[in-house]
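Going line by line, the protein sequences match chains Y and C.
Each residue of the first sequence is one higher than the last, beginning at 160 in the numbering used here.
Each residue of the second sequence is one higher than the last, beginning at 160 in the numbering used here.
Just so it is clear, CB atoms sit at the ideal spot from N, CA and C, and this is done for glycine as well.
Being a predicted model, the structure only gives us computed values, none of them experimental.
Number of protein chains: 2
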Amino acid sequence: MCERFSVSRFTIRNAMAELEAAGLVERRKAIGTIVKALEPETAYVQTFQTVEGLLQYAAGTALDISEMIELQAGAELAGWFDLEEGARIVRLGGLRSETETGRKFCWTEIYIRPEFSGLLEHVGLDDRPVHKTLEEVFDEKVQKVELELSACMLSGKRAEQLEIEEGTAALRVVRQYSATDGRVLEVSVSDHPEDRHTFRLEFSYETLVS
Amino acid sequence: MCERFSVSRFTIRNAMAELEAAGLVERRKAIGTIVKALEPETAYVQTFQTVEGLLQYAAGTALDISEMIELQAGAELAGWFDLEEGARIVRLGGLRSETETGRKFCWTEIYIRPEFSGLLEHVGLDDRPVHKTLEEVFDEKVQKVELELSACMLSGKRAEQLEIEEGTAALRVVRQYSATDGRVLEVSVSDHPEDRHTFRLEFSYETLVS
DNA sequence: TAGTGGTCTAGACCACTTC
DNA sequence: AAGTGGTCTAGACCACTAA
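Right, dumping it as structure tokens:
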């Protein structure tokens, strides 16, 4: 190619590096350069800088934790954490409301992996998210967050706490926070009464690099 | 730096290129190299290869369009498309169900920008998504998809069509498809009765490049 | 006018694969 | 042994900025 285009190897290699970055070719030592694609690959990408972005709440809300109990994990809960059924898990519960207006936003329940039960002493002292405190106190890092959104009905106690009518529809958001090794650190379940919260996502079509 | 580390400029420049790719420094012609950050920036990223990924339905479902009407846009609808109130907009309506079991999955309404009303002749001939047909027939490209998820109640007609009880909670997913120039091409509203669909998202913590 | 980052040439050695 | 991609040296010219 140097001869063919009358340029130095440096120039050819730079050009090839560009093609490689665009994912069009693959270069392998002592093997050669293989064409992988004729067009750059594209995809719809959504990015959040922090886990707080996934929380989606405006900065002006706060979670007021009013319940702290230890319970025996049922099948579903044990499954989430990949633990034996009957394992003792701590659950926090509380109301998230707008700090200014006091408007009740959602009811949140947070399940914490047994190893981190000690977290309770640190929770509620500041108004940072629980997973943030967990990351800090136990030197863990949230590597993955899985969200599940579904609809549900709000019944007796929950409806009362949120000051809504019995049988109101609600958006349920389940968040599962996992560490690098795959251990589920925390699971939160938030019920947002109809009209009090809309979950927004935006995806853009982009060319993928490297 | 060449002197300091006893290497050639090539080596220094390669190293600097790495730092630039990691976003740690910024290099500007005739100005110099400026340190921008001490740690690589990271973010939670979610990727879909196709718009169908955003649809989230298993392959085994099909949309059966049973309604086609032209209506005058109200305030909200006109706002979505950035049109005058009263503009005539076409709306398709139909039931999405599992092809095998016939299980009714959701009720979907699709609003189409006036310019693309001609699309009606092409819709329903195959079972591809409407936005896909639109892209092809009018040579448009969906550049951005915005999703809004909320909870709502299903009433009379809708409940009947989905064969559920009056007053069942549902997950409403509003999708707004935009072209490169920002024009909203299509808006779809899907109501999924409680327990018939859960919307799943997964975000991973990654280092951002370039 | 000195210094910067960008671009490029010509040539060298290495580890590795394949014939 | 020939050929590949990776790494590196030494040196050159350019357009541009800032003192």
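Using a C-beta cutoff of 8 Å, does Q208/Y count as contacting chain C?
yes
According to DSSP, is Q302/C part of a helix, a strand, or is it coil?
coil
Is G277/Y near the ligand MN - that is, is its Cβ less than 7 Å away from at least one heavy atom of it?
Ligands are entirely absent from the displayed structure, and the ligand MN is therefore not among its contents.
How would you write the range of the alpha helix (DSSP H) that L293/C sits in, first residue to last?
V289 to V296
Can you have a look at T193/C and say buried or exposed, based on whether 16 or more other CB atoms are within 10 angstroms of its CB?
Looking at the sequence provided, one finds Ile at residue 193/C rather than Thr. Looking at its Cβ environment, which holds fewer than 16 other Cβ atoms inside 10 Å, I193/C is exposed.
As an exercise, report each continuous beta strand (DSSP E) stretch of at least 3 residues that is fully enclosed by the region 235-261 of chain C, in chain order.
247-257
Does E216/Y get closer than 8 Å to chain C when you measure Cβ to Cβ?
The question names Glu, but residue 216/Y in the sequence shown is Tyr. With 8 Å as the cut-off, Y216/Y does not count as an interface residue toward chain C.
For F275/C and V333/C, what's the separation of their Cα atoms in angstroms?
In this model, F275/C and V333/C are separated by some 19 Å (Cα to Cα).
Compare the C-beta of V304/Y with all C-beta atoms of chain C and state if any pair is closer than 8 Å.
yes
Mind checking whether S337/C and T357/Y have CB atoms under 8 Å apart?
For the pair S337/C and T357/Y, the CB atoms are not nearer than the 8 Å cut-off.
Y203/C versus chain Y: which residues are under 8 Å apart at the beta carbon?
T206, F207, Q208, T209, V210, G212, L213 and V304
In chain Y, which residues lie less than 9 Å from S358/C when you measure between Cβ atoms?
This sequence places Phe at residue 358/C; Ser is not what is there. Against F358/C, the close residues of chain Y are L306, E307, L308, S309 and F358, in the order they occur along the chain (beta-carbon pairs closer than 9 Å).
Quick one: what does DSSP say G233/C is sitting in, helix, strand or coil?
coil
Quick one: Cα of Q320/C to Cα of Y270/C, how far?
19 Å
Please confirm if M312/Y has its CB atom under 8 Å from at least one CB of chain C.
yes
Can you tell me where the alpha helix (DSSP H) with Q320/C in it begins and where it stops?
First-last of the alpha helix (DSSP H) with Q320/C: G315 to L321.
What does the alpha-carbon distance come out to for the pair W266/Y and M175/Y?
55 Å
Could you round the C-beta distance between G233/C and E244/C to whole angstroms and report it? I think they count as a contact, below 8 Å.
7 Å
Which same chain residues end up closer than 7 Å to P352/C when comparing Cβ atoms and leaving out the 5 residues on each side of it in sequence?
L313, L321, I323, T327 and A329
Give the straight-line distance between the Cα atoms of L213/C and V343/C, rounded to the nearest whole angstrom.
So the two alpha carbons sit approximately 17 Å from each other.
Roughly how many angstroms lie between the CA atoms of E325/Y and L279/C, to the nearest whole one?
42 Å
Start and end of the beta strand (DSSP E) containing R334/Y?
T327 to S337
Quick check on DSSP: helix, strand or coil for T192/Y?
strand
By the three-class DSSP mapping on this structure, what secondary structure does P199/C have?
Note: P199/C maps to coil in three-state DSSP.
Restricting to Cα atoms, I'd like to know which of V184/C, W239/C and K263/C is closest to A318/C.
K263/C
Can you check whether the C-beta of Y364/C is within less than 8 Å of a C-beta belonging to chain Y?
yes
Please state whether the Cβ-Cβ distance between S256/Y and D223/Y is less than 8 Å.
yes
Around the C-beta of E295/Y, are 16 or more other C-beta atoms found within 10 angstroms, so that it is buried, or is it exposed?
exposed
Could you give the DSSP three-state label for V346/C: helix, strand or coil?
strand
Quick check: the Cα distance between E200/Y and G182/C, rounded to an integer number of angstroms?
22 Å
Does V166/C come within less than 8 Å of chain Y when only Cβ atoms are used?
Interface flag for V166/C against chain Y is unset, since no Cβ pair is found closer than 8 Å.
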